[in-house]
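In the numbering used here, the protein residues as written are 8 to 385.
The C-beta atom is built at its ideal place from N, Cα and C for all residues, glycine as well.
Here the structure is laid out as structure tokens; the discussion comes afterwards.
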Amino acid sequence: MRIGIVCYPTFGGSGVVATELGLELSKRGHEIHFITYSQPVRLELLSHNVHYHEVNVPEYPLFLYQPYELALSSKLVDMVKLHKIEILHVHYAIPHAYAAYMAKKMLQEEGIYVPIVTTLHGTDITLVGSHPHYKPAVTFSINKSDAVTSVSQSLKEDTMRLFSIKKDIHVVPNFIDLVKYAPKFTDCQRAMMATDNEKIITHISNFREVKQIPDVIKIFYNIQKEIPAKLMMVGEGPEREPAERLCEQLGISDKVVFFGNSNEIDKILCFSDLFLLPSLTESFGLSALEAMASGVPVISSNTGGIPEVNVHGVSGYLSEINDVEDMSKNALQILKNDALLLEFKTNAKLVANKFGIQEIVPQYEAIYEETLKQCSMS
Ligand code: GMT
């Protein structure tokens, strides 16, 4: 199939999922066209069947806000015609599903029919999309998609609760390339980050309020009071500076490393002992899955889709949102007992195996085929 993929090209989970999906689909023989405003961060290699088309938004001083949706829908029209794209898969409803619908309508005027698959990722529903300023347009574009998927059962339920949805929503969970994340302990550079007796705790995110960064620091503060430990903070975002200040106030700056954004998540996870994800809301928690696939147990909140990924008492522990004491207690329970830590590490990998790329990507292929079949019949 010739598939157009629209996504945010940044370090966020939706962009990562879209990029990894496109790359895997290309390996399975499909021709993939990424259409977005800059080259997706995890898209390192372009090849004969992986293409990237940049959406340019010309600046015009009259506009306070430059019209990205307009530029995107025009680009989609041009690319569908030029490359004979058969189906468009848009990741994140805002504004991608809306722009794709406009493109579809424009193409229909020329007798070209291209169906749209929309994947809902989380904040497009739970945080941004349900805002009254966006809700009618988001509801409309979800209902006008030819197929809709969500990355967890919890997100499907949130979507049905928050919006008036007439479409069936297929749950297709986030996935992981298990080979890439299989721990290669021989080349883990643990010694560069910590001494042998120190445990390494890691958090990876876009450092937004929803990630509850102060809770990450407070949990680590409690851990390091009882055992030697280091904290790896990976990612960039508005909460990073306040987090650095909090570390200074607590007198733990020498035990915390702020990496910024990294393309070497697998290497950082390779030397990690425990992962922290105390989010306020999380439709799935791809970073937790990446940790688990690397054999790193997860201490998390029990919000949204996280319980579909992190199994309480098996791959880690779940606590109520903001229950720092409980999360600290659970973390210490695992970290203080080497045999138990090993058991959780093994279990984390076993649970992650359910989300292998080879299992999940065929589910998207089946949705594309079914959508194309339905559309050719109507
Ligand atoms: O919250 C993020 O890290 C970014 C956000 C995004 O849209 O890129 O992630 C969302 O999509 C991911 C991929 O499907 C999910 O794994 C994350 O749980 C989800 N984030 C939230 O729901 C807050």
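Please indicate yes or no: does the CB of residue 209 lie closer than 6 angstroms to some heavy atom of ligand 1?
The residue you call residue 209 lines up with position 202 of the sequence shown. Not under cutoff, so the answer is no.
Inter-residue spacing [alpha-carbon to alpha-carbon] between residue 289 and residue 180
As a position in the sequence shown, residue 289 is number 282, starting the count at 1. As a position in the sequence shown, residue 180 is number 173, starting the count at 1. Using only the alpha carbons, I get a separation of about 13 angstroms.
Among residues of its own chain, excluding the 5 on either side of residue 188, which ones have a beta-carbon nearer than 8 angstroms to its beta-carbon?
Start at 1 with the first residue of the sequence shown, and residue 188 comes out as number 181. Residues of the same chain with a CB within less than 8 angstroms of the CB of residue 188, apart from the 5 flanking positions on each side, are 273, 276, 297, 300, 301, 359 in chain order.
Would you report the Cα separation of residue 378 and residue 124, rounded to the nearest angstrom?
Residue numbering aside, residue 378 sits at position 371 when the sequence shown is read from its first letter. Residue numbering aside, residue 124 sits at position 117 when the sequence shown is read from its first letter. About 8 angstroms.
With a cut-off of 8 angstroms on the beta carbons, I'd call residue 243 and residue 270 a contact; round off their distance for me.
One-based indexing of the sequence shown puts residue 243 at position 236. One-based indexing of the sequence shown puts residue 270 at position 263. By a beta-carbon distance limit of 8 angstroms, residue 243 does not contact residue 270. Their separation comes to about 13 angstroms.
Taking only three categories from DSSP, how would you classify residue 103?
Taking the sequence shown and counting its residues from 1, the one referred to as residue 103 is at position 96. If DSSP states are grouped into helix, strand and coil, residue 103 belongs with the helices.
I need the straight-line Cα distance from residue 74 to residue 102, nearest angstrom please.
Position 67 of the sequence shown, counted from the first residue, corresponds to residue 74. Position 95 of the sequence shown, counted from the first residue, corresponds to residue 102. Using only the alpha carbons, I get a separation of about 11 angstroms.
The region 333 to 352 touching the region 9 to 23, judged by at least three CB pairs closer than 8 angstroms:
Not touching, per the Cβ criterion.
Thinking just about the alpha-carbon of each residue, which of 158, 83, 156 is nearest to the one in residue 121?
Taking the sequence shown and counting its residues from 1, one reaches residue 121 at position 114. Checked all of 158, 83, 156; the closest Cα to residue 121 is 83.
Whose CA, out of 368, 237, 113, 91, lies closest to the CA of residue 200?
Taking the first residue of the sequence shown as position 1, residue 200 is located at position 193. The option with the nearest alpha carbon to residue 200 is 237.
Is any heavy atom in ligand 1 found nearer than 6 angstroms to the beta carbon of residue 158?
On the sequence shown, residue 158 is found 151 positions in, with the first residue counted as 1. Indeed, a heavy atom of ligand 1 lies less than 6 angstroms from the Cβ.
Whole angstroms are fine: how far does the CA of residue 241 sit from the CA of residue 209?
Here residue 209 corresponds to residue number 202 of the sequence shown, with the count starting at 1. Here residue 241 corresponds to residue number 234 of the sequence shown, with the count starting at 1. Taking the straight line joining both Cα atoms gives about 8 angstroms.
Whose C-beta lies closer than 6 angstroms to the C-beta of residue 93 among residues of the same chain, with five residues either side of it excluded?
Residue numbering aside, residue 93 sits at position 86 when the sequence shown is read from its first letter. Within the same chain, residue 93 has close Cβ partners 8, 9.
Under the criterion of a Cβ to heavy atom distance below 6 angstroms, does residue 216 qualify as lining ligand 1?
For the purposes of this step, residue 216 is taken as the residue at position 209 of the sequence shown. Relative to ligand 1, even the nearest heavy atom lies 6 angstroms or more away from the CB of residue 216.
Opposite residue 239 in the DSSP bridges: which residues?
Counting from 1 along the sequence shown, the entry for residue 239 is found at position 232. For residue 239, which the question treats as bridged, DSSP gives the partners 209, 264.
Taking 8 angstroms as the cut-off, does the region 218 to 227 touch the region 320 to 333 (at least 3 CB pairs, one atom from each stretch)?
Yes, since at least three Cβ pairs between the region 320 to 333 and the region 218 to 227 fall closer than 8 angstroms, the two stretches touch.
Of the listed residues 233, 250, 204, 234, nearest to residue 214 (C-alpha basis):
Locating residue 214 in the sequence shown gives position 207, where the first residue counts as 1. Ranked by how close their Cα comes to the Cα of residue 214, the residues 233, 250, 204, 234 have 250 in first place.
Any chance you could list the beta strand (DSSP E) runs of at least 3 consecutive residues sitting entirely within the region 73 to 136, in chain order?
Taking only runs of at least 3 residues, the beta strand (DSSP E) segments lying wholly in the region 73 to 136 are 94 to 98, 123 to 127.
Distance between residue 59 and residue 66 (C-alpha atoms, nearest Å)
Locating residue 66 in the sequence shown gives position 59, counting from the first residue. Locating residue 59 in the sequence shown gives position 52, counting from the first residue. Cα-Cα distance, rounded: 22 angstroms.
Buried or exposed for residue 219, going by 16 or more other Cβ atoms inside 10 Å?
The residue labelled residue 219 in the question sits at position 212 within the sequence shown. Residue 219 should be labelled buried.
Buried versus exposed call for residue 234 [16 or more other C-beta atoms within 10 Å across all chains shown]
Here residue 234 corresponds to residue number 227 of the sequence shown, with the count starting at 1. When all chains shown are included, residue 234 counts as exposed.
Just to confirm the assignment: which complete beta strand (DSSP E) runs, minimum length 3, are found wholly within the region 14 to 76?
For the region 14 to 76, whole beta strand (DSSP E) runs of length 3 or above, ordered along the chain, are 38 to 43, 57 to 61.
Member of 22, 31, 28 whose CA lies at the smallest distance from the CA of residue 45:
Taking the sequence shown and counting its residues from 1, the one referred to as residue 45 is at position 38. Distances from the alpha-carbon of residue 45 to those of 22, 31, 28 put 22 closest.
Measuring straight from C-alpha to C-alpha, what distance separates residue 69 and residue 79?
Within the sequence shown, numbered from 1, the residue matching residue 69 stands at position 62. Within the sequence shown, numbered from 1, the residue matching residue 79 stands at position 72. Using only the alpha carbons, I get a separation of about 20 angstroms.
Compute the minimum distance between the beta carbon of residue 213 and the heavy atoms of ligand 1, and state whether it is under 6 angstroms.
For this step, residue 213 is matched to residue 206 along the sequence shown. For ligand 1, at least one heavy atom lies less than 6 angstroms from the Cβ of residue 213.
Inspect the beta-carbon positions of residue 338 and residue 257 and report whether they are closer than 7 angstroms.
For the purposes of this step, residue 338 is taken as residue 331 along the sequence shown, with counting starting at 1. For the purposes of this step, residue 257 is taken as residue 250 along the sequence shown, with counting starting at 1. Annotated as distal: residue 338 and residue 257, with beta-carbon spacing of 7 angstroms or more.
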